[in-house]
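K.L.:
In order, the protein sequence lines correspond to chains E and B.
Note that numbering that gives the first Met the number 0 gives residue 88 to position 89 of the first sequence, counting from 1, and the numbers run on in steps of one.
Note that numbering that gives the first Met the number 0 gives residue 329 to position 330 of the second sequence, counting from 1, and the numbers run on in steps of one.
Beta carbons are placed, not taken as given, at the ideal position from N, Cα and C, and that holds for glycine.
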Amino acid sequence: MTELQAEQALEVPHEAKTRRNRDAVIALAVFVVLALLPAVFSSKLLLDFVIRCAAYGLFATSLNLLVGYTGLISFGHGMFFGLGAYGFGLMMQKTGVPVPVAFVATLAITLVVALVIGAICVRLKEIYFAFVTLAFQMLIHSTILSWVSLTGGDQGLRGGIPRPPFLGIDLSNQLHLYVASCALLVIGLFLMHRIAQSPFGYTLRMIRDNATRASFIGIDVWRAKLTIFVLAALFASTGGIIMALFVSGAYPEFAYWTISGEGIFINMLGGVTTFLGPMVGTVLLLILNDTVTRLTDYHGLVLGIVILFFAIGLRKGLMDFVVEWYAQRRNGARERG
Amino acid sequence: MTRTRKPGVSRRATLAIMGAGAVSFATPWVARAQAKTIKVGMPTILSGRVAQLGTSSRNGVMLEVEKVNAAGGLAGRQIEMVIRDSKGQPQEAARVARELVNTDGCEILIDAEASSGAFAVHEVARDLGVLCLHTNSETSALTADPKQHIPNAFRTARQGVHDSIVGGSYAAAIAKAKGLKKWATCSPDYAYGRDTTGEYVTYLKRFAPDIEIISESWPKLFQPDYTEVVTKILQAKPQALYSCLWGGDLTSYIDQANIYALFSQMEVFAVNMADYTALTVVKNLPKGIHSGNRYIKTYPATPENAAWGDAYKAKYNEYPTNWSWENATAIMLLAEASKKANSADGKKVAEALRGLKIKSPFGADGTVTMRAEDQTLVGYAIGWGTTIPQEPYVPQVQPGDWKTIFELEAEWKKSKGYT
Chain E
0 MTELQAEQAL
10 EVPHEAKTRR
20 NRDAVIALAV
30 FVVLALLPAV
40 FSSKLLLDFV
50 IRCAAYGLFA
60 TSLNLLVGYT
70 GLISFGHGMF
80 FGLGAYGFGL
90 MMQKTGVPVP
100 VAFVATLAIT
110 LVVALVIGAI
120 CVRLKEIYFA
130 FVTLAFQMLI
140 HSTILSWVSL
150 TGGDQGLRGG
160 IPRPPFLGID
170 LSNQLHLYVA
180 SCALLVIGLF
190 LMHRIAQSPF
200 GYTLRMIRDN
210 ATRASFIGID
220 VWRAKLTIFV
230 LAALFASTGG
240 IIMALFVSGA
250 YPEFAYWTIS
260 GEGIFINMLG
270 GVTTFLGPMV
280 GTVLLLILND
290 TVTRLTDYHG
300 LVLGIVILFF
310 AIGLRKGLMD
320 FVVEWYAQRR
330 NGARERG
Chain B
0 MTRTRKPGVS
10 RRATLAIMGA
20 GAVSFATPWV
30 ARAQAKTIKV
40 GMPTILSGRV
50 AQLGTSSRNG
60 VMLEVEKVNA
70 AGGLAGRQIE
80 MVIRDSKGQP
90 QEAARVAREL
100 VNTDGCEILI
110 DAEASSGAFA
120 VHEVARDLGV
130 LCLHTNSETS
140 ALTADPKQHI
150 PNAFRTARQG
160 VHDSIVGGSY
170 AAAIAKAKGL
180 KKWATCSPDY
190 AYGRDTTGEY
200 VTYLKRFAPD
210 IEIISESWPK
220 LFQPDYTEVV
230 TKILQAKPQA
240 LYSCLWGGDL
250 TSYIDQANIY
260 ALFSQMEVFA
270 VNMADYTALT
280 VVKNLPKGIH
290 SGNRYIKTYP
300 ATPENAAWGD
310 AYKAKYNEYP
320 TNWSWENATA
330 IMLLAEASKK
340 ANSADGKKVA
350 EALRGLKIKS
360 PFGADGTVTM
370 RAEDQTLVGY
380 AIGWGTTIPQ
390 EPYVPQVQPG
400 DWKTIFELEA
410 EWKKSKGYT
C-alpha cells in the first residue's frame, strides 16, 4: 500500500488543514463551473445528464466507501437509493412539508433503517455480508411491492411529487433542479472525500487490509464498519432523492437489486482505488447507456462487451489504469532524467 | 505484478470512450435540424422478458404510420417515428421520453410503456406539456383518477375496470346457468394480477351473489413451474377457475395443467387467452376455455378487422397482439384529429381529440371514441367466448354491453372517490 504509506507520512495537522482548504476550493470551483455550464450550452440533454450523474454518482461513490475503502462488498446498497426516493416522495405527497424538511427527514429515516440493517450485517464476513445485504434489499423491495396502499405497489408513487418553491428555489424548474443537484453532488463528494482522508478513513483501510490487526490495536471494528455503513447509506439516499426529483416519482425498480448491480458495475468501470473512480465510472456508464440505447436495441450486448473488456482486458477500472499509467510515465521520465 | 498490457492500449481505449462521449452529445444537435416532418417519440420495452410488447406495439404503429404518410401525413407533415428502448425501467422511460422531446425534437409522444413506466412518462408529459398518448397501460387509475388528469395526456388502450365488468357479468351468467358456486382464482402476484382479480370477483359476486371463492393462488410473475399451483387447485375441487395470467406464463400454466387434466374438471375463465401470443403458443389448446378478447381478427367479425389482421400478418409474419391494435389506434386517432384541427400542433390536436369518434376496425360498432371527460378510449370491441384448438380459436364471441359498462364504471368511479 504505497498510497497509504505516502499519505500517512504527510498526515500532520498543518498539512491536513491545508488539504482540507484545498479540497474546499476545488469543490467550490467545480460547482461554479457546473453551475455556469447552462449559460454556455443550452442543451437540455446536458442538464438531464448531469442531474442523473449527480444521482448515480453519489450512489456509486458512497458504495465505494464500503467496497473500496472498507472491503465491505454490499450487494444491497440500492435499498438506500430506493429508500431515499420513496421517503422523500411520500413525505412530499402525504405531508406537504417544505422540501428541505422532507430532505432532512428522509435522511433521518435512512439513518435509522441503516443502523438497524447495518448492525445485523456488518458482523458478517465477505460473502455472508454480501448476501445478507442483498436479502435486506429484496425485503425492502418486496415491502414496497406489497404495501400498495402506501407505495402504490409496482406502479410506483403516482401523481407526481409536489415541489413547492422554497427560498426562491423551484425544483420543478429544470435549471433550478440542475443547480441544486450539482450542489448536492459537490457537497456530497466533498464530505465523502473528507471522510476518506480522515483518520477514520485510514482506520477503514486498515480494517479492509487486516481486520484482526486493527482490533488488536484497539479499534472497535464493528463500530467503525457500522459507522461507514450508515454514512454511505445517507449519501446513497441523497442520490435517490435527486432521482425522485428528476422523474417526479419513485418506482420499485429504484430499490431492486439491479440498482445495486449497476453501482458495482460503475465501480468496476471507474475503479475502486481512487476516490473519483466511481464518479468517472458513472459518467462513462451513463454516456455508454445513452449513446448505445439510441443506436441499437442490442445495448445489453454492447454493455456486456464493455464489462468484459474492463474485467478481462484491463483487469481494473479506468481511473486505476490512468493513475498507474501516469505514475509509470512519471517514474520513467525521472529515470531518464 | 506483471503488466499484461502496454499503456498504448489504454490510451486508445480512453480515446474511444471519449469519442463515444462526443458522439453522445453531438448527435442531438445534428438531429435537431428541423424539416417539415413531424417527429413522434415512442419509449417502449424492446428488450427483456416482455420485448414482444415493444415489438408488436412498434409494428402496430408503423403499419398505420405508413398509411397516414402515404395519405399526406399529419396536416401535410410526414410522420417520423423515433422509437427507443426503455428496458422496462421507469427511470429510463422518463429519461428517454425527456430526451425524445428535448433533444430529438419530438412534438408528440406515444407512450408504449407498461405499468410503472407509463406513470413515469405521464409525469414527463405533465412537466413538459407535450401531447402524450398512452397506448399500453390498462391501469384504470391512469385516466380515472382526477389527480392523474392532465389536458395533454390520452389513453388509447383498454381499461382494467371495463374488462372486469364485462368478464364478471359474462361469468355470472354462466355460473347461474351451470350452477357454478365454488370458484378458485390463480393470477400473477403483482398489481395487475391482484387488482384485476379483485375487480373481477367483485363484479362476479355482484351479478351472482351466491358464489364463493374457495382457493386463491398467486404464482410469481414469470414463474417457470406451476405444479404446486395446479395441484393446490385440484385439491380444492372448485367448479370454476379464474385466471389473469398472460403471455408465456399463461401458456406454461396451460401446458402444465393439461398433464393433470385440469381443464376437464372445471370451467376455466382466462381473460388473456384469446390473444395470438397465447393461442398460437400453447401445445394442446383445450376446448372450451372462456376468454376475453384481446386481439383476434375474427372479432369484431367485420371485413375491416380481418383485413387489418391479415395485412399485419403479411407484413410482419406474425399475428397482431392486443398491444398492436392499441398502438395502431393511437395513430388512427392522431390522423383524424389533425385532419379535424387542420394542424399537427400538439395543443390543437389535443383539443380535437377530446370526444373524437373515428371509424375503426377495433370498434364494437365499427367506431371507437376518445371520451372527452377522462380522455380514455371507449367503444372498443370487448367480449368473451370459448376456445377451440384451431383457427379461428374463438369462433363465437359474446359482445359486452357498453351501456352496462358505462353505468357500472360511473358507479365504480364514485366508490373510489374519483367523481
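Just checking: is the beta-carbon of E122(B) within a distance shorter than 7 Å of some beta-carbon in chain E?
P.N.:
Within the second sequence, residue 122(B) is the residue found at index 123, counting from 1. Cβ-Cβ to chain E under 7 Å: yes for E122(B).
K.L.:
For E334(E), decide whether its Cβ has a neighbour in chain B, counting only Cβ atoms nearer than 7 Å.
P.N.:
Position 335 of the first sequence holds residue 334(E). Chain B contact via Cβ: absent.
K.L.:
What are the partner residues of L313(E), as DSSP defines its beta bridges?
P.N.:
The residue you call residue 313(E) lines up with position 314 of the first sequence. In DSSP, L313(E) forms no bridge with anything.
K.L.:
Give me, in chain order, the residues of the same chain whose beta-carbon lies closer than 6 Å to that of Y275(B); leave out the 5 immediate sequence neighbours on both sides.
P.N.:
For this step, residue 275(B) is matched to residue 276 along the second sequence. Contacts found: Y318.
K.L.:
So is N341(B) in contact with chain E if we call contact Cβ pairs under 7 Å?
P.N.:
On the second sequence, position 342 is the one that residue 341(B) refers to. Taking Cβ atoms only, chain E never reaches closer than 7 Å to N341(B), which makes this a no.
K.L.:
State the beta-bridge partners of T375(B) as determined by DSSP.
P.N.:
The residue you call residue 375(B) lines up with position 376 of the second sequence. T375(B) pairs with R154(B) and R370(B).
K.L.:
Give me the chain E residues within the contact set of S46(B), using Cβ-Cβ distance strictly less than 9 Å, ordered along the chain.
P.N.:
The residue labelled residue 46(B) in the question sits at position 47 within the second sequence. Ordered by position in chain E, the residues that pass the 9 Å Cβ test against S46(B) are D296, Y297, H298 and G299.
K.L.:
Could you give the DSSP three-state label for P237(B): helix, strand or coil?
P.N.:
By one-based count along the second sequence, residue 237(B) stands at place 238. Residue state, collapsed to three classes: coil.
K.L.:
At 9 Å on the CB atoms, spell out the chain B contacts of V147(E), in chain order.
P.N.:
Residue 147(E) sits at position 148 when you count from the first residue of the first sequence. Those are A190, R193 and D194, listed as they occur along chain B.
K.L.:
Would you tell me roughly how many angstroms separate the C-alpha atoms of A84(E) and F215(E), rounded to the nearest one?
P.N.:
Stepping through the first sequence from its first residue, residue 84(E) is reached at position 85. Stepping through the first sequence from its first residue, residue 215(E) is reached at position 216. Each residue's alpha carbon lies about 40 Å from the other.
K.L.:
Please return the same chain residues whose Cβ sits closer than 7 Å to the Cβ of A420(B), not counting the five positions on each side in sequence.
P.N.:
This structure does not reach residue 420(B), given that chain B is present from 0 up to 418, and the question cannot be answered.
K.L.:
In angstroms, rounded to a whole number, what distance separates the CA positions of I357(B) and E198(B)?
P.N.:
Residue numbering aside, residue 357(B) sits at position 358 when the second sequence is read from its first letter. Residue numbering aside, residue 198(B) sits at position 199 when the second sequence is read from its first letter. Approximately 30 Å between the Cα atoms of the pair.
K.L.:
Report yes or no: do the stretch 240-260 of chain E and the stretch 73-92 of chain E share at least 3 C-beta pairs separated by less than 8 Å?
P.N.:
Result yes; three or more Cβ-Cβ pairs closer than 8 Å.
K.L.:
Going by other Cβ atoms of all chains shown within 10 Å of its Cβ, with 16 needed for buried, is I258(B) buried or exposed?
P.N.:
Sequence index remark: in the second sequence, residue 258(B) carries index 259 (1-based). The residue in question, I258(B), is exposed, as its Cβ has fewer than 16 Cβ neighbours within 10 Å.
K.L.:
I'd like to check one pair, A351(B) with A435(B): are the Cβ atoms closer than 7 Å?
P.N.:
Shown here, chain B extends from 0 to 418; a query on residue 435(B) therefore has no answer.
K.L.:
Is F308(E) helix, strand or coil by DSSP?
P.N.:
Locating residue 308(E) in the first sequence gives position 309, counting from the first residue. Here F308(E) sits in helix by DSSP.
K.L.:
Leaving out five residues on either side along the sequence, give the residues of the same chain with a beta carbon under 6 Å from the beta carbon of L73(B).
P.N.:
As a working mapping, residue 73(B) is identified with position 74 in the second sequence. The residues are I37, S337 and A343.
K.L.:
Compare the C-beta of S114(B) against all C-beta atoms of chain E and say whether one is closer than 7 Å.
P.N.:
As a first step, residue 114(B) must be located in the second sequence, where it is residue number 115. Cβ-Cβ to chain E under 7 Å: yes for S114(B).
K.L.:
Just to confirm, is the Cβ distance from G56(E) to T281(E) under 7 Å?
P.N.:
Counting from 1 along the first sequence, the entry for residue 56(E) is found at position 57. Counting from 1 along the first sequence, the entry for residue 281(E) is found at position 282. The answer is yes: Cβ separation under 7 Å.
K.L.:
Would T60(E) and P277(E) be called neighbours here (beta carbons separated by less than 7 Å)?
P.N.:
Along the first sequence, read from residue 1 onward, the residue named residue 60(E) stands at position 61. Along the first sequence, read from residue 1 onward, the residue named residue 277(E) stands at position 278. Closer than 7 Å, so yes.
K.L.:
Would you be able to state if there are at least three C-beta pairs under 8 Å between the stretch 296-316 of chain B and the stretch 97-108 of chain B?
P.N.:
No contact exists between the stretch 97-108 of chain B and the stretch 296-316 of chain B.
K.L.:
Answer with buried or exposed for G95(E), where buried requires no fewer than 16 other C-beta atoms within 10 angstroms of its C-beta.
P.N.:
Taking the first sequence and counting its residues from 1, one reaches residue 95(E) at position 96. Exposed.
K.L.:
Considering only DSSP beta bridges, list what I168(E) is partnered with.
P.N.:
Position 169 of the first sequence, counted from the start, is the residue given in the question as residue 168(E). F165(E), per the DSSP bridge assignment.
K.L.:
Considering Q196(E), what are the terminal residues of the alpha helix (DSSP H) in which it resides?
P.N.:
By 1-based counting over the first sequence, the position of residue 196(E) is 197. Segment Q173 to Q196, the alpha helix (DSSP H) holding Q196(E).
K.L.:
Quick one: what does DSSP say K358(B) is sitting in, helix, strand or coil?
P.N.:
What you label residue 358(B) is simply residue 359 of the second sequence in a count that begins at 1. K358(B) falls in the strand class under three-state DSSP.
K.L.:
Between G158(E) and chain D, is the shortest Cβ-Cβ distance under 7 Å, so that the two count as touching?
P.N.:
Of the chains in the structure shown, none is chain D; the protein chains are E and B.
K.L.:
Whole angstroms are fine: how far does the CA of S290(B) sit from the CA of L284(B)?
P.N.:
Against the second sequence, residue 284(B) aligns to sequence position 285. Against the second sequence, residue 290(B) aligns to sequence position 291. Those two C-alpha atoms are separated by around 12 Å.
K.L.:
Should the stretch 124-140 of chain E be called in touch with the stretch 70-77 of chain E, which here means at least 3 C-beta pairs below 8 Å?
P.N.:
Enough Cβ pairs lie closer than 8 Å, so yes.
K.L.:
Identify whether Y199(B) lies in helix, strand or coil by the three-state DSSP scheme.
P.N.:
In the second sequence, counting from the first residue as 1, residue 199(B) sits at position 200. Reduced to three states, the DSSP call for Y199(B) is helix.
K.L.:
Under 8 Å by Cβ, that's how I've got W411(B) and V160(B) pegged, so tell me the actual separation to the nearest angstrom.
P.N.:
Residue numbering aside, residue 411(B) sits at position 412 when the second sequence is read from its first letter. Residue numbering aside, residue 160(B) sits at position 161 when the second sequence is read from its first letter. Yes, W411(B) and V160(B) are in contact; Cβ-Cβ is about 6 Å, under 8 Å.
K.L.:
Any idea what DSSP makes of A424(B), helix, strand or coil?
P.N.:
Residue 424(B) is absent from the structure shown; chain B starts at 0 and stops at 418.
K.L.:
Whole angstroms is fine: what's the gap from F234(E)'s alpha carbon to D47(E)'s?
P.N.:
The residue given as residue 234(E) occupies position 235 in the first sequence. The residue given as residue 47(E) occupies position 48 in the first sequence. Their Cα atoms are separated by approximately 20 Å.
K.L.:
From this set, A111(B), A50(B), P398(B) and A172(B), which residue's C-alpha is nearest A152(B)'s C-alpha?
P.N.:
Residue numbering aside, residue 152(B) sits at position 153 when the second sequence is read from its first letter. Among A111(B), A50(B), P398(B) and A172(B), the Cα nearest to that of A152(B) is on A111(B).
K.L.:
Whole angstroms is fine: what's the gap from G159(E)'s alpha carbon to P150(B)'s?
P.N.:
Translated into the one-based positions of the first sequence, residue 159(E) becomes position 160. Translated into the one-based positions of the second sequence, residue 150(B) becomes position 151. Near 15 Å, if we compare the C-alpha coordinates of P150(B) and G159(E).
K.L.:
Using the DSSP secondary-structure output, state which residues sit across from C185(B) in a beta bridge.
P.N.:
Sequence index remark: in the second sequence, residue 185(B) carries index 186 (1-based). Answer is S216(B), bridged to C185(B).
K.L.:
What is the rounded straight-line gap between the Cα of A23(E) and the Cα of F58(E)?
P.N.:
Translated into the one-based positions of the first sequence, residue 23(E) becomes position 24. Translated into the one-based positions of the first sequence, residue 58(E) becomes position 59. Roughly 21 Å between the two C-alpha positions.
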